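S.K.:
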Amino acid sequence: MFKYYCCISHIVILGFFGGCGKEHYHRNFVLTNSSETGLDFQNNLTEDSDFNILNYPYYYNGGGVSVGDINNDGLDDIFFTSNLESNRLFLNKGDLGFEDITEKAGVGGQYDWSTGCTMVDINGDGFLDIYVCNLGNYQGKTGKNELFLNNGDGTFTEAASTYGLDFSTFSTQALFFDYDRDGDLDMYLLNHAIHTINSYVSRNKIMNKFDTMSGDRLLRNNLDKGELTFTDVTFDAGIQSSPVGFGLGVAASDINNDGWPDLYISNDFHENDYLYINNGDGTFNDVHSKWIGHSSKYSMGNDINDVNNDGLPDIITLDMLPELPEVLQKSMAEDDYNLREIILNKGYAPQLSRNTLQLNRNGIFSDVAPIMGVSATDWSWSPLFADLNNDGYKDLYITNGIYRRPNDLDYLNYTSNNAVRSIIDLKDSLMSQRLIALMPQLKISNKAYINKNGEYFEDITNNWGLKIPSYSNGAAYSDLDNDGDLELIVNNINESAFLFENKINEKQPDQTYLKIALKGKDFNSMGIGTKVIIKNKGKTYYQEQYPVRGFLSSVSQILHFGLGTLKQVDSLWVIWPRGSYQFLDNVDTGQILTVDEGDASGDYYSKTIHIEENKRFFHYLDTVPFQYSHQENDFNEVFHENLNLRRFSSEGPGISIGDVNNDGLEDVFLTNAQNFKDRLFIQQKDGSFYEIYQEAFEKDSLYEGVDAIFFDADGDSNLDLYVASAGNEYKNGELPLMDRLYLNNGKGNFTRKKDGLPKIFANSSCVIPADYDKDGDLDLFIGSRVIAGNYGVSPKSYLLQNDGYGNFTEVPLPKEIAYMGMVTDAVWVDFDADGWLDLAVVGDWMPITFIKNQKGKFTTSSMSSIEKTNGWWNCIISGDFDNDGDIDLVAGNFGLNTRLKATHDEPVRIYLKDFDNNGSLDPIMTYYVDGKEYPLATKDKLSSQLNFFKKKFPTYNSFSGTTLEKLLSREQLDGAIIKEAVELQSIYIENIGNNKFNTHALPIEANFSPVMSIESKDINKDGLKDIILAGNFYGFMPSVGRQDASQGYLLLNGGNNSFSTVEHTKSGILLEGEVKEMKWIRLANGREGLIIARNNEDIVILELNK
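Quick note, in numbering that gives the first Met the number 0, the sequence shown goes up one by one and the last residue is 1105.
1) According to DSSP, what are the bridge partners of T355?
2) Tell me whether I121 sits in a helix, a strand or coil according to DSSP, three-state version.
3) When you compare each of A1000, E1062, L1069 to N1031 by their alpha carbons, which one comes out closest?
4) Quick one: what does DSSP say L1001 is sitting in, helix, strand or coil?
5) Using a Cβ-Cβ cut-off of 8 Å (strictly less than) and excluding sequence neighbours within five positions of K1119, which residues of its own chain qualify?
6) Report the rounded CA-to-CA distance for S793 versus M821, giving the unit in angstroms.
7) With a threshold of 6 Å on Cβ separation, who are the neighbours of D1097 within its own chain once the five nearest residues in sequence on each side are excluded?
8) Of all the options F147, G153, T511, which has the alpha carbon lying nearest to the alpha carbon of S160?
9) Compute the Euclidean distance between the alpha carbons of V705 and N1094, then round it to the nearest angstrom.
10) Need the endpoints of the beta strand (DSSP E) that H1063 sits in, please.
11) Would you report the Cα separation of A332 and G292, rounded to the nearest angstrom?
12) Considering I503, what are the terminal residues of the alpha helix (DSSP H) in which it resides?
13) For the stretch 187-236, which segments carrying the alpha helix (DSSP H) assignment without a break, of at least 4 residues, lie completely within its bounds, in sequence order?
14) Anyone know if the C-beta pair for T529 and I574 falls short of 8 Å?
15) Our contact map puts G362 next to Y541 with C-beta atoms below 8 Å; I'd like the distance itself, whole angstroms only.
16) Check whether the stretch 224-240 touches the stretch 135-155, counting contact only when three or more Cβ pairs, one atom from each stretch, lie closer than 8 Å.
17) For my contact list, K534 and S570 are in at a C-beta cut-off of 8 Å; report their separation, rounded to the angstrom.
18) Relative to the C-alpha of D386, which residue among L338, N304, D272 is closest?
19) Whole beta strand (DSSP E) runs in the stretch 131-171 with 3 or more residues, listed along the chain?
20) With a threshold of 16 other CB atoms inside 10 Å of the CB of Q853, please say whether the residue is buried or exposed.
21) Once DSSP output is grouped into helix, strand and coil, what is the label at N490?
22) Kindly indicate which three-state DSSP category L13 falls into: helix, strand or coil?
23) List the whole-angstrom C-beta distance separating G473 from V64, where the pair is believed to meet the contact cut-off of C-beta under 8 Å.
24) By a C-beta neighbour count over all protein chains shown, 10 Å radius and 16 as the cutoff for buried, is I1090 buried or exposed?
25) If you draw a straight line from the C-alpha of L583 to the C-alpha of K1065, how long is it?
26) Is the beta carbon of W1079 sitting closer than 8 Å to the one on A980?
27) Which word fits I557, buried or exposed, when buried means at least 16 other C-beta atoms lie within 10 angstroms of its C-beta?
28) Identify the continuous alpha helix (DSSP H) that holds F947 and give its terminal residues.
29) Could you pull the start and end residues of the alpha helix (DSSP H) that I341 belongs to?
30) Helix, strand or coil, according to DSSP, for R1041 in the structure here?
31) With H, G and I counted as helix, E and B as strand and the rest as coil, what does DSSP make of Q682?
32) From I909 to N641, what distance separates their C-alpha atoms?
33) Return the CA-CA distance between G20 and F175, expressed in angstroms with no decimal places.
34) Per DSSP, F849 is paired with what?
35) By Cβ distance below 7 Å, which residues in the same chain neighbour N1104 in space, the five residues on each side in sequence not counted?
36) When the Cβ atoms of the stretch 78-90 are set against those of the stretch 105-120, are three or more pairs found closer than 8 Å?
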């Protein structure tokens, strides 16, 4: 993915949604008029005093739409579900003209409330049938799911009970797929739930309970046995069917490319999403928590498709995070930190209240929705990936809007009042109607995003003619007029359905396509589950035949490939559900190509190529030769520092590597958190390690170590140990903030030197040794990152001079150097080649900073920095990466995969001042959206810190649209300390000599998550230093969210200041969790190993293959 990052790097630097210049877009879509098309349908929803959103939370979820050719005339027809009225079927008469044949066809439905619908040939007779989900018996509404069998003459016969599919449940949608590859179509029934007392218990107490209304079902089709029935195999197959199945989206795909169809289920509220991997033996395993770091909290519709043309299916789920700050500021979005922790402690998986786009990286996933530009689209329902402009990349269409907004904070505040709650509990009809009427309404537009070469999505809604406010729900796509482009069909509440005619073939006639009609055999006439792969000049175009997509809906059974200006493609592969395949070459575009399963042969999956482990660059040691698990203590400063963006109490562990017992083998030291002792492991000749008990470490378990270094402090040629202490639990002057120096007796036994260090109390972040004064011993730079209770204030960092005997004294530094910033890391490097080691320093809100060593002196004039690099830097390393003889740098930053975007013109800022005159500084953080500067914190957070905001903003509506200018006056801001970040991406820094540097963007994967540790080595033996980087951070506040999209990356140096990412299947690097530090170690077998330390987890060791 992102092969053309040189382009996107400029976009990132200049502003992610601009900077490359404006492109001219045609208004590709035209909203048709129902009086002309005959598509006269709208989902009329009347608010009822007895049945409404107060007793049925899915009242405004709307209806679905399915498209397919019911009469086999080559034109796709349209079926809509209506919640309260008759469902409708429209026959396509050509030229976008439709006839309502509902009554004649007999498919209007007999029950009270319909939801999702699916067109499927369930009995394999070559005609599409229609399956409709209905709400079961609830609140006076009666219903069972319906199956309308196509009689082949324009009429249908309802036969759900005959097939055993007449479920009376909280049905959402049905998906049909051949999970057991026996040639017929099985069914997954997705159900939703209603909140009960069981909804909030610990997950392990509820998941094994079966719920007849809410639990999902898996039904095996018995047609292969000659029976027109389905058998419930839910439990035998390992499918969850519990009371907390808040199912709103279902999609099928062969996620792991083993030939067996898998399932993704998106669940509303706190229940986990499910990623069911098909084991091929009739059972499924839910691997969501293993393969995916987090899900959307309010997961709604979903889609699975290949968004970046790498041949791997990616997953999108939608949520309800507002895009506009003025809407966000008055809407319930993320849970507060306390509630989030409670939910996690009850056994539920991590969630973020936003859309997620899970990029498939060969069996593991990275959520890239923010960096791809699609994380916030408001109250969204249906995502559909489809190539809407025929350029070869799948675009994204999203339906939006809820008829009334129950997440409005003023409304929630009103209804939480005890008196109002008592009225609600009485279920008085008149009062219910009044309460519903108070619920705000907001019409917003659906969204369309053009896919920019698989690198990111650009909002194209207005330019394509699709910006029309509505309350939209289910949607589908189809080439309804057979002109080679896809139309969009949308089901709306209390408004005519949308039919958008696509005019791309008129506006851009050079853009071409290829449509694939699949003719399956046995009882799968439409080839459900078939894969089609097109290859041309090294590019891959991939789709799977699963019509159920988005929300409550199903799309055309004709696969549509946009192919840009290609007149012919090199090859086309069709892989049928049971593994047989066809290969076609030199296929002309601009046609509908029918492919028959009867012409297929062989077993495609027998050709699957696996990379042997010894051909990867790294492999994991089968058994880690020593046992160490970092244990983070239970402390969170969010309870004390309300406006903090993140935790600073979980920065460990640190690692140091060195031969402490002088036996020629390198040993390992690892720090630990408060109340857990640090550990030292001695390497043996057989490759094993043993732990030496250290009384000094035991005594100092009160300290929290975050960094450590072995070095000879006292000149006896033995490696001594310096441990940097931090944790953010303690105030200045408290003992556990002191760093520690341990002297080595030469046998690996350490004693703490009590008087070797000046009495410094600081949240240290790094310790960097070097003989800066050329007196023959090693001195120390100690960086400090934060002052407990005063986030944003620059703490003091230190330079300690060694007398050669392990006695260190503080070197006085100019204030501008000592308090240069919130330091996170540094490296000694002679960047000007004058023979004296200089210092390169990074930190929060800091630029890449250089302090020139003026022959052992550091003055204010010796400070410099790289312009426009103020960032949230975590780490920095040095090395000659371009082989020009001088030292370059690589710096790890916060990343680009959050809602926070920073540029020189629109930075992220912090304003520090005692705004309420209570004796403590208040940190107000801001960010920009569309040229306006907004506070990052919510009204509640701001009011809890600064009481005067409660009076200034008495309601959430009054806070809506609050910019910095409205929040604080110029007088209030006068005298505030202001810091800003303008660069959030990790970078390579080229030393071009004469104290000048050029910065270069690293591959986009380096910005999926915060980079916390970097190492380098010539991995592929081409003479150029390569980069290994890793990170993630879970301690951000909900406004930013957990950052877990990195699995560690090997970046190969291609020369010319460029690096490329090696996929984990080839690199062998696959790192989960919060990586804090990596260090090289020479193993006893002579090979190089990379020890990886992770917060609150076991260590892992990667061994470099020869």
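Just so it is clear, CB atoms sit at the ideal spot from N, CA and C, and this is done for glycine as well. Here the structure is a predicted model, which means the values were calculated and not measured.
M.R.: By the coordinates alone:
1) T316
2) coil
3) L1069
4) coil
5) No answer is possible for residue 1119: it lies beyond the span of the chain, which begins at 0 and ends at 1105.
6) 5 Å
7) S628
8) F147
9) 10 Å
10) Premise fails: H1063 lies in the alpha helix (DSSP H), 1063-1066, not in any beta strand (DSSP E).
11) 20 Å
12) 503-506
13) 202-205, 233-236
14) yes
15) 16 Å between Cβ atoms; not a contact.
16) no
17) 5 Å
18) N304
19) 145-149, 155-157
20) exposed
21) strand
22) The pLDDT assigned to L13 is 26, lower than 50, so where the model puts this residue is not dependable; a value taken from the coordinates is nonetheless given after this. Helix at L13.
23) 5 Å
24) buried
25) 29 Å
26) no
27) buried
28) 947-951
29) 336-344
30) coil
31) strand
32) 14 Å
33) For G20, the predicted model reports a pLDDT of 40, less than 50, meaning its position is unreliable and no value from the coordinates is stated.
34) A839, S863
35) N613, R615, F616, F617, H618
36) yes
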